[in-house]
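S.K.: All letters in the sequence shown, in the order written, are residues 105 to 820 by our numbering. All C-beta atoms, glycine included, are put in the ideal place defined by N, C-alpha and C.
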Amino acid sequence: MFDRFKRRSFLQAVVAVAATTAFGCSDDETSSDAGEKYFPQSVCSGDPRPDSVVLWVRAVDPDNAGANTQVRLEVSTSESFSSLVLDQQFTAQAQFDHALKVKVTNLSARTTYYYRFTIDANGQKYSTVTGRTRTAPAAGDDVPVKFVFASCQDYIGRYYNAWQHLLQLNEDLDFVVFLGDYVYETTGDASFQSVDGRGIVFSEPEKALRQGTGLTAFYAANSLSNYRDLYKTLRTDKVIQQVHERYPFIITWDDHEFSDDCWGDVATYTDERTNEKQTERRRNAEQAFFEYIPMDHGASNAGAIDINAVVAQPTRIYRDFEFGRNLKLLVTDTRTYRPDHLIPEDAYPGKVAVPAEQLDMVLPTLPEAVQAQLQSDMFAYVNIDAAELAPYKEILTGVYVQQAVAAGLTPDEASTKAGAWVSGGLSLFYVNQVLNAVNQAREAAGGSAIPLIPATGAPRGLAYAHMGKTGLFGIQGSRYVVVKPIFDLYAAIKYMGSAGASEGIFGNEQQAWLQESVQADNAWKIIVSSISLTSMVFKLSEKADVPDPTLRQDFYFNVDQWDGFPTKKQEFLKFLRDSQVKNALFISGDIHASFASVESGIPALTTPAISSGSIKELAGLAVIGAGFSTGSTVYRYIVTELDKSLKEAHPGMEFVNGDAHGFVVLEVGGTEAKAAFHLIPSTEITKDYSLRQPSELTAKFTRRDFVIKDGTITSA
């Protein structure tokens with residue numbers, strides 16, 4: 105009888121053999137069973153077009169790992185390779201970690217092709233498993249197009265049960281769209297990753313960024329070798345190998361391919377305690393992505409794609425695909441060109457972001473009730489640099505320095521930041537709270553209280569505190585949990601003042617390309633956005649049982665996604681309506697939740713994560729971290745009743761599930777699209793179902809079907 109360890113090893117070996125013989129295409133002269141030694145990440149394909157596709161392999165001889173590897177690529181319309189459309193030698197170069205991408209051209213439209221790579225080693229031929237791919241239908245072909253879209257496949261401590269279920273379904277797909285977070289750059293960040301189960305170990309940890317301290321310490325990828333290790337390790341998973349072997353992928357990136365909540369080449373780990381502009385790190389992340397992702401690069405000719413040429417060019421991964429008459433797929437990049445988050449992570453809560461002269465310009469356009477609120481004492485502010493307020497400025501500066509040092513800054517760093525932030529217009533709503541805290545400490549020590557600053561005659565403006573910012577450094581009130589109405593007003597004013605640059609998520613060139621491309625004649629124009637278009641609002645303003653009146657407001661949950669670009673979002677949606685773009689549809693990922701909603705007349709679908717922690721799990725950690733117990737009303741509305749709360753706040757929300765993993769199957773025809781959400785509870789993600797009976801996994805999945813037609817989404 106097997107003991108537990110030996111039984112697990114035996115089952116894994118069986119799974120490995122099953123994966124390597126998925127299409128049973130090795131011949132007498134080659135061995136795919138033994139080929140894993142030379143092709144440890146198997147094969148994959150991507151960016152299918154009517155006449156071309158990109159094929160990928162990593163070929164390395166472990167006995168001579170520093171040398172280039174010569175491989176033979178065979179492509180055929182026959183699973184037996186009885187006739188070849190390509191038979192050519194290529195070199196997997198050591199300088200690219202032995203990753204090889206080949207663009208195969210002169211193919212026939214909507215045709216299934218089989219491919220394999222072989223290597224000669226010690227007089228023996230070794231083969232990859234046989235991959236299968238499919239080209240796109242020809243322009244004008246009136247055929248339905250079916251594909252899967254998915255995102256967020258954290259490897260750490262989790263398993264790809266969603267991908268395994270897709271294999272069980274054996275759907276006849278044209279391709280898979282992956283919406284970003286293909287890898288996660290950290291090796292065990294306990295704030296959102298599991299610290300148990302399987303993990304990733306960097307081959308050169310000394311080159312990584314060490315994060316955290318003590319038992320909670322982990323690494324973030326930094327060097328090229330670090331980022332390569334992420335892809336290499338993930339792609340040793342047998343389940344994901346089989347999905348790649350079976351279907352071509354169209355992939356964009358989001359943030360974790362580089363760094364969490366990044367913008368351009370700037371990371372956010374320290375919440376602006378330090379300058380995190382990391383150009384070299386970003387370049388390393390991009391090179392590993394280009395090496396391991398089977399994508400074309402626009403100007404690539406037939407044959408091996410030159411990674412050096414790709415990396416040397418200005419970054420561009422946005423691109424479009426045409427699948428016959430019925431689908432134009434527009435793959436966007438929402439990370440490379442975006443500006444900083446509208447509320448800086450190091451924003452001083454009391455700092456006035458919209459002074460009176462700017463606020464007064466828009467006040468007449470607002471409802472009378474809103475005008476009255478904005479003219480209340482809550483929005484009063486003073487110029488703290490006024491001579492008569494010098495004693496107050498000294499106190500506020502001292503408190504700032506004390507808090508900044510406690511947050512990890514040196515006294516000199518804290519003083520420099522205090523000089524920049526504790527100046528100019530400061531909100532009395534915040535300033536007087538600080539003074540009250542100082543007075544309590546003084547009175548406890550037997551001292552006298554400092555008079556608060558009166559609001560009489562003071563101008564009115566919007567400060568970061570009004571948007572939910574409470575601390576000097578952090579994500580609350582900057583990237584997450586932001587007061588919606590004040591943030592929207594602030595965003596609109598800043599948008600006008602910057603000629604749109606403050607929310608330029610696409611950059612000028614990509615936006616021009618998108619606006620032109622989306623007006624194509626295809627029946628459906630599907631916009632691939634790594635971040636979710638569906639608005640996530642908690643309408644606590646109507647919850648009388650929330651005890652703290654400052655919390656009885658409407659909050660955006662996450663403004664790192666499209667909610668953080670509210671003016672640009674509405675402007676682009678208006679463009680689609682005004683241009684009469686028929687059957688525009690957004691598909692998104694990133695937020696680890698399932699949504700089907702209509703956003704200002706435009707349908708939007710968001711896929712859950714393949715394996716990353718669900719939004720309900722992450723919201724629970726955030727709410728508890730903010731000091732609210734599981735029995736509090738805040739916890740109930742934001743966590744326990746998350747789905748209900750989000751749907752109540754969004755009249756266009758047809759479906760929401762914030763606590764499941766899975767993927768979406770989408771089929772588009774001439775007049776309607778059909779979406780099927782395949783969902784598994786988040787509690788199942790740490791269980792490796794590849795070692796169990798297939799029926800056990802099937803029983804865990806549920807399915808929700810919807811029809812998208814004429815700008816509406818209805819349950820099927």
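Decide yes or no for the touch test of the segment 383–400 against the segment 182–198: beta carbon pairs closer than 8 angstroms, at least 3 of them.
M.R.: Verdict: no, contact absent.
S.K.: Span of the alpha helix (DSSP H) holding Ala508?
M.R.: Segment 494–510, the alpha helix (DSSP H) holding Ala508.
S.K.: Taking a contact to mean a Cβ-Cβ separation below 8 angstroms, would you say Gly261 touches Arg314 in this structure?
M.R.: No.
S.K.: Near Leu463, what residues of its chain come up, given a Cβ to Cβ distance below 7 angstroms and the 5 sequence neighbours on each side ignored?
M.R.: Excluding sequence neighbours, Leu463 sits near Leu478, Arg564, Gly565, Leu566.
S.K.: Rounded to the nearest angstrom, what separates Gln345 and Val526 at their Cα positions?
M.R.: Those two C-alpha atoms are separated by around 54 angstroms.
S.K.: Smallest Cα separation from Leu680: which of Ala730, Gly693, Trp628, Tyr660?
M.R.: Among Ala730, Gly693, Trp628, Tyr660, the Cα nearest to that of Leu680 belongs to Trp628.
S.K.: For Ser363, tell me which candidate among Ser698, Arg339, Ala312, Asn405 has the shortest Cα-Cα distance.
M.R.: Comparing Cα-Cα distances from Ser363 to each of Ser698, Arg339, Ala312, Asn405, the minimum goes to Ala312.
S.K.: What are the start and end residues of each continuous alpha helix (DSSP H) run of 4 or more residues lying completely inside the segment 314–402, in chain order?
M.R.: Complete alpha helix (DSSP H) runs here, min 4: 328–338, 342–350, 383–396.
S.K.: Taking only the alpha-carbon atoms, compute the straight-line gap between Thr469 and Val458 and give it to the nearest angstrom.
M.R.: Answer to the nearest angstrom: the Cα atoms are 16 angstroms apart.
S.K.: For the beta strand (DSSP E) containing Ile223, name the first residue and the last one.
M.R.: Unbroken beta strand (DSSP E) run through Ile223: 216–225.
S.K.: Give me the Cα-Cα distance between Tyr335 and Phe143, rounded to the nearest whole angstrom.
M.R.: If I take the Cα positions, the gap works out to 14 angstroms.
S.K.: Go ahead and pull the three-state DSSP assignment for Lys748.
M.R.: Lys748 falls in the helix class under three-state DSSP.
S.K.: Assign Glu449 to one of two classes, buried (16 or more other C-beta atoms within 10 Å of its C-beta) or exposed (fewer than that).
M.R.: Burial call: buried.
S.K.: Does DSSP classify Tyr793 as helix, strand or coil?
M.R.: Three-state DSSP puts Tyr793 in a helix.
S.K.: Note down, in chain order, each residue of its chain lying with its Cβ closer than 8 angstroms to the Cβ of Ser786, except the 5 sequence neighbours on either side.
M.R.: Result list for Ser786: Gly717, Ser718, Lys720, Glu721, Asp763, Ala764, His765, in chain order.
S.K.: Looking only at its chain, what residues have a beta carbon closer than 6 angstroms to the beta carbon of Thr806, apart from the 5 residues adjacent to it on each side?
M.R.: Correct list, in chain order: Leu783.
S.K.: Taking the beta carbon of Tyr496 as the centre, do at least 16 other beta carbons fall within 10 Å, making it buried, or is it exposed?
M.R.: When all chains shown are included, Tyr496 counts as buried.
S.K.: What is the residue span of the beta strand (DSSP E) that Gln537 lies within?
M.R.: Element bounds for Gln537: not the beta strand (DSSP E) but the alpha helix (DSSP H), 532–548.
S.K.: Given a threshold of 16 other Cβ atoms within 10 Å of its Cβ, counted over all protein chains shown, does Gly529 qualify as buried or as exposed?
M.R.: So Gly529 ends up on the buried side.
S.K.: Given this structure, state the Cα-to-Cα distance separating Ser639 from Ser212, to the nearest angstrom.
M.R.: Roughly 42 angstroms separates the two Cα atoms.
S.K.: Any idea what DSSP makes of Lys205, helix, strand or coil?
M.R.: Lys205 falls in the strand class under three-state DSSP.
S.K.: Which stretch, first to last residue, makes up the beta strand (DSSP E) that contains Trp628?
M.R.: Its beta strand (DSSP E) spans residues 628–633.
S.K.: For the candidate residues Phe483, Ala518, Leu493, Gly512, whose alpha-carbon lies nearest to that of Tyr504?
M.R.: Tyr504 has its Cα closest to that of Ala518, out of Phe483, Ala518, Leu493, Gly512.
S.K.: For Val811, which residues in the same chain have their Cβ closer than 7 angstroms to its Cβ, ignoring the five residues on either side in sequence?
M.R.: Contacts found: Glu776, Lys778, Thr818, Ala820.
S.K.: Taking DSSP's pairing of strands, which residues face Gln580 in a bridge?
M.R.: Beta-bridge pairing links Gln580 to Tyr584.
S.K.: Going by other Cβ atoms of all chains shown within 10 Å of its Cβ, with 16 needed for buried, is Ser130 buried or exposed?
M.R.: Its pLDDT being 40, under 50, Ser130 is placed unreliably by the model, and the measurement read from it follows with that caveat. Ser130 should be labelled buried.
S.K.: Counting Cβ pairs closer than 8 angstroms, one from the segment 682–699 and one from the segment 605–616, do we hit at least three?
M.R.: No, because fewer than three Cβ pairs between the segment 682–699 and the segment 605–616 fall closer than 8 angstroms, the two stretches do not touch.
S.K.: How far does the beta strand (DSSP E) with Val811 in it extend, from its first residue to its last?
M.R.: 806–813 is the span of the beta strand (DSSP E), which, as asked, contains Val811.
S.K.: Could you check the C-alpha separation between Asp369 and Trp357 for me, to the nearest Å?
M.R.: The straight-line gap from Cα to Cα measures roughly 14 angstroms.
S.K.: Contact defined as beta carbons within less than 8 angstroms: I believe Cys256 pairs with Ile631. What is the distance between those atoms, to the nearest angstrom?
M.R.: About 19 angstroms; that fails the 8 angstroms criterion.
S.K.: If you count every other CB in all the chains shown that lies within 10 Å of the CB of Asn274, and 16 or more means buried, which is it?
M.R.: The residue is exposed, with fewer than 16 neighbouring Cβ atoms inside 10 Å.
S.K.: Between Phe127 and Lys141, what straight-line distance do the alpha-carbon atoms span, to the nearest angstrom?
M.R.: Bear in mind that the predicted position of Phe127 carries a pLDDT of just 41, short of 50, making it unreliable; the figure below should be weighed with that in mind. Those two C-alpha atoms are separated by around 19 angstroms.
S.K.: Below 8 angstroms, can you find three or more Cβ-Cβ pairs linking the segment 429–446 to the segment 241–253?
M.R.: They touch, by the three-pair rule.
S.K.: Decide yes or no for the touch test of the segment 412–425 against the segment 371–378: beta carbon pairs closer than 8 angstroms, at least 3 of them.
M.R.: Judged by Cβ distances under 8 angstroms, the segment 412–425 makes no contact with the segment 371–378, as fewer than three pairs qualify.
S.K.: Could you check if Lys678 is buried or exposed, using at least 16 other CB atoms within 10 Å of its CB as the buried criterion?
M.R.: Result: exposed.
S.K.: Counting only runs that start and end within the segment 218–271, where is the beta strand (DSSP E) found for 3 or more residues in a row?
M.R.: Taking only runs of at least 3 residues, the beta strand (DSSP E) segments lying wholly in the segment 218–271 are 228–231, 235–238, 249–254.
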